[in-house]
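Heads up: the protein sequence lines correspond to chains A, B and C, in order. Quick note on my numbering: the first sequence kicks off at 311 and runs consecutively. Quick note on my numbering: the second sequence kicks off at 2 and runs consecutively. Quick note on my numbering: the third sequence kicks off at -13 and runs consecutively. Report on the structure given below.
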Amino acid sequence: HVLQMLNLSLLNMPEPSDSERPKTYVPRNPYPTPSSFPQTPASVFDAPAVFEKFDVDTLFFIFYYQQGTYQQYLAARELKKQSWRYHKKYLTWFQRHEEPKVTADEYEQGTYVYFDYETGWCQRIKSEFTFEYGFLE
Amino acid sequence: VDGELDAAGLRAREQVLPLWLEWLGIYQQQNQSDKAYAAYLNTLHQNGWMRHNERGEHFLRISCHAALSAATDAATTDAAAKPAIAFAPLDAFSKLILLLIKSVPAETADGARPKVQLQLLTRVLSVTIHHLIRQHQAMQYEQRPHAFNQRAYLRLFGSWLFDLNAPDPALDAIQPQILYAFCSAFNALKPSRLPGFAFAWLELVSHRMFMPKLLLLKGHKGWPLLQQLLVNGLFAFLQPFLAAAELSPPVRVLYRGALRVLLVLLHDFPEFLCDYHFFFCDAIPPSCIQMRNLILSAFPRNMRLPDPFTPNLKVDLLPEIAQPPRILAPFSNALARNGFLHELDAFLTNHSPYSFLRELRGHVQNADGTHKAGVISALVLHVGAHAIASMQSTHAASAGLAHSAHMEIYQQLTADLNAEGRYLFLNAIANQLRYPNNQTHYFSCVLLYLFSEAADERVQEQITRVLVERLIVHRPHPWGLLITFIELIKNPRYSFWSKTFTRCAPEIERLFESVARSCM
Amino acid sequence: LGTDLTTLGLNLNSSDCLYATFASPWADAPAQCDPEFNLPQCYYM
């Protein structure tokens, strides 16, 4: 009897699609683009290796415009690999322009490059800046 | 569900179905919005459908039934074809439940929010389990093969495992209770109870959002739960089928599936297999040699195994060889349950009375002459653990082996048991030949000592068989097994190659030569 | 004589955990899935 049940169970053998996540990529404010345009991100953007090829501007674009996605995660990871550090108060990325003048337990001080995503969408130099480690993500 | 609804339930049904269809519409909109979700959930809360009462129960049962019916009604009528499944209603229902759990108001009375969330999850799981069991019974007893489709429930439970176990601040307060709730659910759905759900069950228990999470819980809190699911749920069910020589197609598929799950555990969580090896070896039939080897090959990740083929490897000088393995199975309980633990310990301590030795066989045999494999395993391990402890306390290392009470028990069993009983006994010893630890070393010496002291060459042949049948199957091979066999064939003390059974047939002779070559 | 366990579709030599891409006990290949990732709250604008 049990074997008969098992045979029936084999008939309804689970399939890979049964446990795939429904692809829930939902554009926040969908713009009516021609259907020939890709409607979901290409799977190539799921590969971490491809992010090493992007220039920093592209990584910032993905970071700020693909919020909450795996791509944002990969962009942040690549930025960190390129010695950028995310500041949790200014919500932007900093990179040492030179060795810091002062290094203490709680902070470091010196000249940094940071990414201005709000006004210029460009990198700017900031001297005499104190980077408090409490704001380091 | 209709058959089980009373008048109030039927009235509720008239109200719930439109609500369910409304939700389905919202869910299937192209650009779903949080606003639409919030408005719908608000409606449910305001109309009392979310309370923990009969009305709330009706809502869950009727919407669960509606989702599952819509998903499987799409099934074909062709009995031979595989019934199709519509995922949308199932994904809609699982999403609704996720939102209901996450939307339990934060200001719920006196911090009871986690409790209310867990209560809701438990109610949903029990409604789904109730539905599953009833449909399974319809398939089982009403000869309606398509009444039950495991894939629909797999989809539901799988979605919840993804959504509820993903890192999410809104759910952190009810972890690991969420995992425990799924453990209870999967225990209730185990294959021995619902064989028609067996494949989905193993997929859920080994799910990447469940099994690893359970094993990664702090303090190994999830280890006993997974051990219970695998041993009582899977291996206890498979045991009678695997003991048969021929595996039926569904059992073969389940067996291969179990091998994959064990390989993931061997690769990612070897310590789990190490600590629970006794439970697994007890549950896996002796005929499943490779599966058992897989479990016995596990070793702690921080350990570097010395190459067993190193010429003149001094096993007894290895630092790890003095370390005791961790064994989480209360293996002596089986002896107490069979009423002779106390006498056994008395004999081990006082080396008397000798009458106890003669009664041993009776303790490990059933009335019909078959043997209590679990009791034999427990006896072997209990005596060995006792021997190691007493050797360590008296610091009499190898001297303690020969004329000890412990060895007399092993030799008595070797002499008294028939071939089947002795095979189980020797297997119980070979099941302790694992990674370098003091039990592997002790039992390796015991096996070799029994071989060298055996008066009857058939015993030596059987000891050899127990080792060789574990070596000729595909890898992996436990480290302790390899070093024991290499010692047996290399050390002139055992004059292995002079034994007639090594040349009893041309293919046997070739087998020994090939195994010897691979070992050299 | 058992099964050649290297043919069950699991990359046993992988230095990464197998469970993260374990598709199912019936699958002959790892799952193609978004690995689990966690975005700190401060990344959200």
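In this text, a Cβ means the ideal position worked out from N, Cα and C, and glycines have one as well.
In whole angstroms, what separates the C-alpha of residue i from that of residue j?
i        : j        : result
G57/B    : P168/B   : 28 angstroms
L218/B   : W431/A   : 43 angstroms
R257/B   : G(-5)/C  : 11 angstroms
L316/A   : T350/A   : 40 angstroms
S353/B   : C505/B   : 41 angstroms
A357/A   : W161/B   : 26 angstroms
S399/B   : Y424/B   : In this prediction, S399/B scores a pLDDT of 49, lower than 50, which makes its location untrustworthy; the coordinate-derived value is nonetheless stated afterwards. Distance between the alpha carbons of S399/B and Y424/B is about 26 angstroms.
Q136/B   : G385/B   : 50 angstroms
G(-12)/C : L97/B    : 46 angstroms
V460/B   : P286/B   : 22 angstroms
L61/B    : L18/B    : 11 angstroms
A148/B   : T73/B    : 9 angstroms
D328/A   : I130/B   : 18 angstroms
R476/B   : D(-10)/C : 7 angstroms
Q138/B   : M292/B   : 32 angstroms
N48/B    : N24/C    : 36 angstroms
E462/B   : H407/B   : 23 angstroms
A6/C     : E143/B   : 41 angstroms
F238/B   : V262/B   : 16 angstroms
T501/B   : I464/B   : 14 angstroms
V474/B   : N(-3)/C  : 20 angstroms
F513/B   : S353/A   : 53 angstroms
G10/B    : E55/B    : 9 angstroms
R406/A   : Y422/A   : 5 angstroms
Using the DSSP secondary-structure output, state which residues sit across from residue i in a beta bridge.
i      : result
K436/A : Y422/A
Q442/A : Note on identity: in this sequence residue 442/A is Glu, with Gln being the wrong assignment. The partner list for E442/A (beta bridge, DSSP) reads Y417/A.
H372/B : Q366/B
F404/A : R395/A and Y424/A
V412/A : Q419/A
I'd like to know whether the C-beta of residue i is nearer than 8 angstroms to at least one C-beta of chain B.
i      : result
D324/A : Note on residue identity: the sequence assigns Pro, not Asp, to residue 324/A. Yes, P324/A lies at the interface with chain B (some Cβ there is under 8 angstroms from its Cβ).
A15/C  : no
S393/A : no
P11/C  : yes
E447/A : no
S345/A : no
L290/A : Look at the range of chain A in this structure, 311 to 447, and you will see that residue 290/A is not part of it.
Could you say which of the options lies nearest to residue i if we only look at CA atoms?
i       : options                           : result
P241/B  : W498/B, S288/B and Q138/B         : S288/B
R84/B   : F310/B, A71/B and P196/B          : Correcting the residue type first, residue 84/B is Pro in the shown sequence and not Arg. Among F310/B, A71/B and P196/B, the Cα nearest to that of P84/B is on A71/B.
R435/B  : F357/B, R327/B and L18/B          : R327/B
A89/B   : W24/B, L122/B, H53/B and P146/B   : W24/B
V366/A  : R387/A, L321/A, D356/A and L318/A : R387/A
Q440/B  : D276/B, P192/B and P325/B         : P325/B
Y396/A  : S345/A, T440/A, L384/A and L446/A : L446/A
D369/B  : A245/B, G422/B and Q433/B         : G422/B
K391/A  : L320/A, T343/A, Q433/A and F361/A : F361/A
L165/B  : V365/B, R12/B, R145/B and K103/B  : K103/B
L20/B   : A40/B, A9/B, S34/B and D35/B      : A40/B
T(-8)/C : S391/B, R209/B and L295/B         : L295/B
R518/B  : L121/B, V206/B, F310/B and A244/B : F310/B
D346/B  : A388/B, L319/B and K315/B         : A388/B
Establish whether the CB of residue i and some CB of chain A are separated by less than 8 angstroms.
i      : result
S32/C  : This structure does not reach residue 32/C, given that chain C is present from -13 up to 31, and the question cannot be answered.
A85/B  : no
S249/B : yes
L25/C  : yes
Y5/C   : no
L155/B : yes
M304/B : no
F341/B : no
Measuring only between beta-carbons, confirm whether residue i sits less than 8 angstroms from chain C.
i      : result
M51/B  : no
L401/A : yes
E438/A : no
A237/B : no
D74/B  : no
G444/A : no
I290/B : yes
So does the stretch 170 to 187 of chain B actually touch the stretch 222 to 234 of chain B, counting three or more Cβ pairs closer than 8 angstroms? yes
Using 8 angstroms as the threshold, is the stretch -13 to 7 of chain C in touch with the stretch 487 to 497 of chain B, meaning 3 or more CB pairs across them? no
Flag this pair as touching only if the stretch 361 to 372 of chain B and the stretch 410 to 418 of chain B have three or more C-beta atom pairs under 8 angstroms; answer yes or no. yes
Say whether the stretch 228 to 235 of chain B touches the stretch 189 to 198 of chain B, bearing in mind that this needs 3 or more beta-carbon pairs closer than 8 angstroms, one atom from each stretch. yes
Could you check whether the stretch 372 to 381 of chain B touches the stretch 334 to 345 of chain B, counting it as contact only if at least three pairs of C-beta atoms, one from each stretch, sit closer than 8 angstroms? yes
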